[in-house]
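A short write-up of the structure that comes next.
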Amino acid sequence: PGRSELEPGVEGFGRLLTRSVAMRDAFRLARAAAPTDANVLIVGENGTGKELMASAVHEHSARAHAPFIRLNCAAIPSELLESELFGHRRGAFTGATADKKGLLEVADGGSVLFDEIADMSLGMQVKLLRVLQEREFRPVGGTASLRADVRLICITNVDPDEAVARGQLREDLFFRLNTIVLSLPPLREREGDIALLVSRFIGIFAERHRRILTGIEQAALRQLERHPWPGNVRELEHVIERAVILTTGPQIRVEDLPDTVRHPGTGLRTSSMPIGQSLEDLERLAIVQTLERTRGNKRAAAAILGIHRPTLYNKLRKYGLWRADPLIVGREES
13 PGRSELEPGV
23 EGFGRLLTRS
33 VAMRDAFRLA
43 RAAAPTDANV
53 LIVGENGTGK
63 ELMASAVHEH
73 SARAHAPFIR
83 LNCAAIPSEL
93 LESELFGHRR
103 GAFTGATADK
113 KGLLEVADGG
123 SVLFDEIADM
133 SLGMQVKLLR
143 VLQEREFRPV
153 GGTASLRADV
163 RLICITNVDP
173 DEAVARGQLR
183 EDLFFRLNTI
193 VLSLPPLRER
203 EGDIALLVSR
213 FIGIFAERHR
223 RILTGIEQAA
233 LRQLERHPWP
243 GNVRELEHVI
253 ERAVILTTGP
263 QIRVEDLPDT
273 VRHPGTGLRT
283 SSMPIGQSLE
293 DLERLAIVQT
303 LERTRGNKRA
313 AAAILGIHRP
323 TLYNKLRKYG
333 LWRADPLIVG
343 REES
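By our numbering, the letter at position 241 of the sequence shown is numbered 253, and the numbering carries on one by one without gaps.
As structure tokens, then:
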């Protein structure tokens with residue numbers, strides 16, 4: 013929604029919403045930095061909305077018309093990261109049968125998001141620092157340098173000062189990246205935001221799963237407000253999607269919330285677990301039962317299980333369930 017469409021006391025930036033002072037401060041700094049070409053470092057716990065903030069910074073910049081490319085520094089092996097980022101020339105290494113553009117070239121004129129920058133190898137950090145200093149790069153196996161016309165937005169879930177002290181993040185790279193630092197507070201410190209986000213998520217997931225809901229009962233909302241939310245907004249989102257799917261009434265009730273929220277600290281109850289089964293057997297059983305409950309709807313099953321859909325797909329393949337049952341294979345989204 014546009015700023016004029018928001019209810020009084022609510023502020024938005026991109027797809028992010030807040031009532032809290034701490035988050036408003038981050039919004040104001042982000043709005044000031046977005047139109048510039050300054051490097052931006054976004055810091056916060058997992059699930060606080062760092063990627064959404066990065067996307068909003070790009071969308072409010074002069075580069076909004078150009079690509080916004082995300083690179084997960086933790087997911088790509090260091091030996092492949094250089095080729096992924098800078099590209100390579102044919103014959104640069106075994107298997108390089110053709111020229112390939114790197115992300116810096118693909119994103120020309122746009123922004124590149126470095127997800128979990130502290131997980132990048134120190135060797136690659138040196139090469140990235142050189143790009144920042146010289147504004148150019150050379151594809152692997154290439155002889156000519158290319159201009160790097162991109163804005164760098166980096167995110168990390170660790171304290172960058174601590175990462176520098178541990179030798180995980182190069183100090184000279186950190187100094188280059190920290191022109192603008194946006195610190196996103198955890199959900200437990202965002203006063204007034206749980207009710208706001210719950211209302212928003214109910215609207216989103218009721219429409220997605222074709223449910224008619226009028227909201228949430230006060231007792232359930234109070235339970236949510238007491239929860240510490242170690243997984244932050246992402247955890248709240250999963251909890252609300254699960255509740256929207258499971259509730260049988262017009263409003264989400266306390267009994268629609270998972271045990272971890274209703275009874276903090278209980279975790280898994282071993283008394284309900286079959287004795288003598290491995291953890292993999294139990295996980296496989298949980299997936300099968302959840303998919304049966306959602307009639308093969310993988311999006312809904314992933315929400316109930318508290319995992320992302322790609323993770324669910326990987327587990328279906330791991331346990332040989334991908335083609336084992338027509339019901340499980342059947343429905344992707346609906």
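The C-beta atom is built at its ideal place from N, Cα and C for all residues, glycine as well.
Values in this document were obtained by computation on a predicted structure and should not be read as measured data.
Report the rounded CA-to-CA distance for residue i versus residue j, giving the unit in angstroms.
{"i": "A177", "j": "A78", "result": "36 Å"}
{"i": "T30", "j": "S211", "result": "12 Å"}
{"i": "K310", "j": "T226", "result": "25 Å"}
{"i": "A104", "j": "G154", "result": "8 Å"}
{"i": "T278", "j": "A160", "result": "The predicted position of T278 is uncertain, since its pLDDT is 49 and thus under 50; a value taken from the coordinates is nonetheless stated next. Taking the straight line from one Cα to the other gives about 51 Å."}
{"i": "I88", "j": "Q230", "result": "45 Å"}
{"i": "T302", "j": "R222", "result": "19 Å"}
{"i": "Q180", "j": "H320", "result": "28 Å"}
{"i": "D120", "j": "V143", "result": "13 Å"}
{"i": "P197", "j": "A156", "result": "44 Å"}
{"i": "L185", "j": "K139", "result": "10 Å"}
{"i": "S32", "j": "L64", "result": "17 Å"}
{"i": "S152", "j": "E94", "result": "Looking at the sequence provided, one finds Val at residue 152 rather than Ser. When rounded, the distance between both Cα atoms is 7 Å."}
{"i": "L28", "j": "S133", "result": "31 Å"}
{"i": "F25", "j": "A298", "result": "38 Å"}
{"i": "A232", "j": "I216", "result": "18 Å"}
{"i": "E292", "j": "Y325", "result": "15 Å"}
{"i": "S73", "j": "A175", "result": "29 Å"}
{"i": "R238", "j": "L258", "result": "21 Å"}
{"i": "G107", "j": "S90", "result": "17 Å"}
{"i": "D337", "j": "T323", "result": "Note that D337 scores 46 on pLDDT, short of 50, meaning its location in the model is unreliable; the coordinates nonetheless yield the value given after this. Looking at the two C-alpha atoms, the distance is approximately 19 Å."}
{"i": "I228", "j": "R101", "result": "57 Å"}
{"i": "K327", "j": "T48", "result": "43 Å"}
{"i": "A314", "j": "T191", "result": "38 Å"}
{"i": "E23", "j": "S290", "result": "48 Å"}
{"i": "V300", "j": "T260", "result": "22 Å"}
{"i": "E304", "j": "D271", "result": "20 Å"}
Hey, could you find the ends of the alpha helix (DSSP H) residue i is sitting in?
{"i": "L269", "result": "Neither: L269 is in no alpha helix (DSSP H) and is coded neither H nor E."}
{"i": "D293", "result": "L291 to R305"}
{"i": "N244", "result": "N244 to L258"}
{"i": "S95", "result": "S90 to F98"}
{"i": "S211", "result": "D205 to R220"}
{"i": "F187", "result": "E183 to L189"}
{"i": "L141", "result": "L134 to E146"}
{"i": "L64", "result": "K62 to E71"}
{"i": "I192", "result": "Here I192 belongs to no alpha helix (DSSP H); instead the beta strand (DSSP E) covers I192 to S195."}
So the candidates are the options; which of them puts its Cα closest to the Cα of residue i?
{"i": "Q235", "options": "A218, Q263 and H275", "result": "H275"}
{"i": "W18", "options": "V300, R75, L208 and A156", "result": "Just to set this straight, residue 18 is Leu in the shown sequence, not Trp. Here the closest residue by C-alpha is L208."}
{"i": "S195", "options": "L93, D171, R182 and E203", "result": "D171"}
{"i": "E203", "options": "R147, I88, A110 and M35", "result": "M35"}
{"i": "G21", "options": "R142, D205, A232 and R238", "result": "D205"}
{"i": "L116", "options": "V266, T48 and R163", "result": "R163"}
{"i": "N169", "options": "E94, K62 and R142", "result": "K62"}
{"i": "I81", "options": "T48, V124, R101 and A66", "result": "V124"}
{"i": "G114", "options": "G99, T272, F126 and A108", "result": "G99"}
{"i": "G332", "options": "A313, A314 and E295", "result": "E295"}
{"i": "E219", "options": "A312, L141 and K330", "result": "A312"}
{"i": "C85", "options": "A68, H70, G135 and R102", "result": "G135"}
{"i": "E253", "options": "H239, A50 and L269", "result": "L269"}
{"i": "I224", "options": "A76, A66, R101 and Q263", "result": "Q263"}
{"i": "D131", "options": "R102, R182 and K327", "result": "R182"}
{"i": "G318", "options": "G308, S290, G261 and G243", "result": "G243"}
{"i": "E201", "options": "A46, R147, E23 and T60", "result": "T60"}
Kindly give me the distance between the Cβ atoms of residue i and residue j, rounded to whole angstroms, as I take these residues to be in contact under 8 Å.
{"i": "I316", "j": "V256", "result": "The Cβ separation is near 11 Å, so there is no contact."}
{"i": "L53", "j": "V251", "result": "About 29 Å separates the two Cβ atoms, so there is no contact after all."}
{"i": "L199", "j": "V266", "result": "About 19 Å separates the two Cβ atoms, so there is no contact after all."}
{"i": "F149", "j": "L141", "result": "At roughly 11 Å, the Cβ-Cβ gap does not stay under 8 Å, so F149 and L141 are not in contact."}
{"i": "V69", "j": "A42", "result": "6 Å"}
{"i": "I358", "j": "E128", "result": "No answer is possible for residue 358: the residues shown for the chain start at 13 and end at 346."}
{"i": "L83", "j": "L97", "result": "7 Å"}
{"i": "N58", "j": "L189", "result": "That pair is no contact at about 20 Å."}
{"i": "W241", "j": "E249", "result": "Contact flag wrong, Cβ pair sits at about 11 Å."}
Taking the continuous beta strand (DSSP E) assigned at residue i, which residues delimit it?
{"i": "T323", "result": "Run containing T323: none in the beta strand (DSSP E); it sits in the alpha helix (DSSP H), R321 to K330."}
{"i": "E23", "result": "E23 to F25"}
{"i": "V52", "result": "V52 to V55"}
{"i": "V124", "result": "S123 to D127"}
{"i": "I165", "result": "R163 to T168"}
{"i": "F80", "result": "F80 to N84"}
If you count every other CB in all the chains shown that lies within 10 Å of the CB of residue i, and 16 or more means buried, which is it?
{"i": "Q145", "result": "exposed"}
{"i": "V55", "result": "buried"}
{"i": "Q137", "result": "buried"}
{"i": "A110", "result": "exposed"}
{"i": "F126", "result": "buried"}
{"i": "A44", "result": "exposed"}
{"i": "K330", "result": "exposed"}
{"i": "D173", "result": "exposed"}
{"i": "T306", "result": "buried"}
{"i": "R281", "result": "Reliability of the predicted coordinates at R281 is poor, the pLDDT of 44 falling under 50, and the value obtained from them is presented with this limitation in mind. Label assigned to R281: exposed."}
{"i": "S67", "result": "buried"}
{"i": "A75", "result": "Here residue 75 turns out to be Arg, not Ala, going by the sequence shown. Classification for R75: buried."}
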